[in-house]
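First up is the structure itself, then whatever we jot down about it.
Residue numbers (full-length UniProt numbering): 1 to 83.
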């Protein structure tokens, strides 16, 4: 903790953080492990990114095959830069 914080303030801060942990664990569920959930989420993000990369390659190849820009393909299929 910060050196200028009094012992009482430190204890209050620790108690508040412990209470926050209890509340967050209640939201998460007693049968859930936060580390396991984060690991699963990261794996899902990797899968999503791989699928998105594959789609980008296909869009690029389609654009090259048609002799148009990727932006034109996006427009044709109603996609945005965020897609």
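Glycine included, every Cβ here is placed at the ideal spot set by N, Cα and C.
Remember, it's a predicted structure, so these values are computed and weren't measured experimentally.
Range covered by the alpha helix (DSSP H) that runs through residue i
i: residue 48; result: 34-66
i: residue 17; result: 7-28
i: residue 77; result: Premise fails: residue 77 is in no alpha helix (DSSP H) and is neither H nor E.
Residue i and residue j closer than 9 Å at C-beta
i: residue 78; j: residue 70; result: no
i: residue 28; j: residue 37; result: yes
i: residue 72; j: residue 63; result: yes
Among the options, nearest to residue i - alpha-carbon criterion
i: residue 56; options: 67, 45, 41, 81; result: 81
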